[in-house]
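For reference, the structure discussed in these notes is given below.
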Amino acid sequence: MKPNQSLGVDEIDLSSIDFWSLPADEREGAFKTLREERPLAFFEEPELPEDMPSEIRGNGYYAVTRHADILAASKQPEIFSSSRGATSIYDMPPMFNEFFGSMINMDDPRHARLRKIVSAGFTPKMLKQVEDSVQAAAGDIVDRLIERGSCDFVTDVAARLPLKIICDMMGIPASDYDTVFHKSNIILSMGDPEYIPEGSDVVGALLGAGAELAQLVQELGAYRRQHPTDDLTSALVNASVDGDQLDDAELGSFFILLVVAGNETTRNAISHALALLTEHPDPRARWAADLEKVSPTAIEEIVRWASPVIFMRRTATRDATLGGQPVKEGDKFLLFYASGNRDEDVFANPFDFDVCRTPNDHVGFGGPGPHFCLGAHLARREITVMWRELFRRVPEIHATGEPDRLLSSFINGIKHLQCEV
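Our numbering numbers the first residue of the sequence shown as 10 and each following residue consecutively.
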């Protein structure tokens, strides 16, 4: 891809939904312009939907577009805080932030406490079971793909693997898979009319979807406290770290985080891979020729290119500097990971899709520091196994149309992508 820098720096408006509906080359060109001319650009916050209270709209934010500045903010959580909201530009009420973001919207010591309890649930035995189930699930998905010959790659392939793995890990029955899939789409839709019809109560739809997911796992958790098995829900509700356990609210919000961050982002990386491999036959052939050797670097390059989470927010806790520019207490910063992953100062030929790229210091799993993605290892495993299975059994698989993209400034999502084998 060659970035299209047709927009002048003063014409770029990252807060306008019209910007996020532009072709990919124009968006990439705009971020390239910002990195070159205004790497810490200030923007007014987006206009509020009619059903949201006016007091949550703040005074604006700085777009952090260079890789080095994203790393600097990520490594200084004591200055660049997550607890005032990491997943929303607006200043949502703390309970709303924690309900939908769990530990993502926390700072230490609360973040460290929750992450420690959750990590205790991921035992070596459980991780081994998960790795085995990834292989089995990928095989079943490709079996059904071969029977059909063509399908919507997103809903029938890419989404099915992480959805099944997460639900199986938690002990959620197969009968609830579609519910989990639908509700997670609503939460991450950012108002996309396919998931929240125009004119609907956006906040009500988000809260309703979150409440259903929370209730689902809380009811299971109550049962698992009395009847534990070897699933993650049993481990989480019965795990005790220094006498501390998850309460029902924490279990519910963690499950929302797991199905949203672990399901949606992995499915988008797998989906972007098909679009990329269809468009770029030479890297595809290079990977297919030596799956075991090339897969590790190919997966990192897919995550760099896809950058499934476009940004996370931080808020300054005190006056400081970032990128050589003074910032004030209370200032908001959006760390645009997708822009950092195209930074010419870090990546040689950043707009080339290179499955053998090394080094590849991307921030597709977030920047370094306490908020680096807890599920990065599992995501890499799922993407690797899914594409290894596809290469071995349906090596001619390809997209037959353009991706139908999610209209969102937060998730670089693909809703639908038709394919044939």
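Ideal Cβ placement from N, Cα and C applies to all residues, glycine included.
Practice problem: Under 8 angstroms by Cβ, that's how I've got TRP314 and PHE362 pegged, so tell me the actual separation to the nearest angstrom. | Solution: Indeed, because the Cβ distance is near 6 angstroms, the residues count as touching under 8 angstroms.
Exercise. Enumerate in chain order the residues of its own chain whose CB-to-CB distance from ASP413 is below 6 angstroms, with the five nearest sequence positions on each side excluded.
Key: Excluding the 5 residues flanking it on each side, ASP413 has same chain C-beta neighbours closer than 6 angstroms at LYS424 and HIS425, in chain order.
Practice problem: Please name the residue or residues paired with PRO335 in a DSSP beta bridge. | Solution: Paired residue(s): THR330.
Practice problem: Determine, using beta-carbon pairs with one atom in the region 182-194 and one in the region 302-317, whether at least three such pairs fall under 8 angstroms. | Solution: Contact fails: fewer than three Cβ-Cβ distances are below 8 angstroms.
Practice problem: Just mark ARG153 as buried or exposed, buried being the case when its beta carbon has 16 or more other beta carbons within 10 Å. | Solution: With a threshold of 16 other beta carbon atoms within 10 Å, ARG153 falls short and is exposed.
Exercise. Out of ARG233, PRO379 and VAL166, point me to the one whose CA is closest to ALA121's CA.
Key: With distances taken between Cα atoms, ALA121 lies closest to PRO379.
Exercise. Could you please give the first and the last residue of the uninterrupted alpha helix (DSSP H) stretch that includes ARG9?
Key: Residue numbering for the chain in the displayed model covers 10 to 430; residue 9 lies beyond these limits and cannot be assessed.
Practice problem: From the DSSP output, read off the bridge partner residues of PHE51. | Solution: Answer is TYR71, bridged to PHE51.
Practice problem: Please specify which runs of the alpha helix (DSSP H), each continuous and at least 4 residues long, are wholly inside the region 338-395, giving them in chain order. | Solution: The DSSP assignment places complete alpha helix (DSSP H) segments of no fewer than 4 residues inside the region 338-395 at 346-349, in order along the chain.
Practice problem: Can you check the region 180-237 for any alpha helix (DSSP H) of at least 4 residues that lies completely inside it and give the ranges in chain order? | Solution: Those alpha helix (DSSP H) runs which fall completely within the region 180-237 and span 4+ residues are 186-196 and 211-235.
Practice problem: Kindly confirm or deny that the region 161-180 and the region 267-280 touch, where touching means at least three C-beta pairs closer than 8 angstroms. | Solution: Enough Cβ pairs lie closer than 8 angstroms, so yes.
Exercise. May I ask you to verify whether the region 342-359 touches the region 398-413, counting CB pairs closer than 8 angstroms and requiring at least 3?
Key: Under the 8 angstroms Cβ criterion, the region 342-359 does not count as touching the region 398-413, having fewer than three qualifying pairs.
Exercise. State the Cα-Cα distance for the pair SER142 and LEU344, rounded to the nearest angstrom.
Key: The straight-line gap from Cα to Cα measures roughly 34 angstroms.
Quiz item: DSSP puts ALA408 in a beta bridge; with which residues?
Solution: In the DSSP output, where bridge partners are listed per residue, ALA408 has CYS428.
Quiz item: At which residues does the beta strand (DSSP E) containing SER159 begin and terminate?
Solution: Boundaries of the beta strand (DSSP E) around SER159: 159-161.
Self-check item: Cβ-Cβ distance between ARG233 and GLU310 below 8 angstroms
Solution: It is not a contact, given that the beta carbons lie outside the stated cut-off.
Exercise. Report, in whole angstroms, the separation of the C-beta atoms of ILE21 and ALA39, which I expect to be a contact under 8 angstroms.
Key: Yes, they are in contact, since the Cβ atoms of ILE21 and ALA39 sit about 5 angstroms apart, within 8 angstroms.
Exercise. Can you have a look at PHE381 and say buried or exposed, based on whether 16 or more other CB atoms are within 10 angstroms of its CB?
Key: Label assigned to PHE381: exposed.
Practice problem: Mind the definition here: the region 134-150 touches the region 382-393 only if three or more C-beta pairs lie below 8 angstroms; say whether that holds. | Solution: Touching, per the Cβ criterion.
Quiz item: Out of VAL372, VAL139 and LEU43, which has the shortest C-alpha to C-alpha gap to PHE356?
Solution: Of the candidates VAL372, VAL139 and LEU43, VAL372 places its Cα closest to the Cα of PHE356.
Exercise. Could you have a look at ASP152 and say whether DSSP puts it in helix, strand or coil?
Key: Here ASP152 sits in helix by DSSP.
Quiz item: Hey, SER262 and SER111: beta-carbon distance below 8 angstroms or not?
Solution: Cβ atoms of SER262 and SER111: closer than 8 angstroms.
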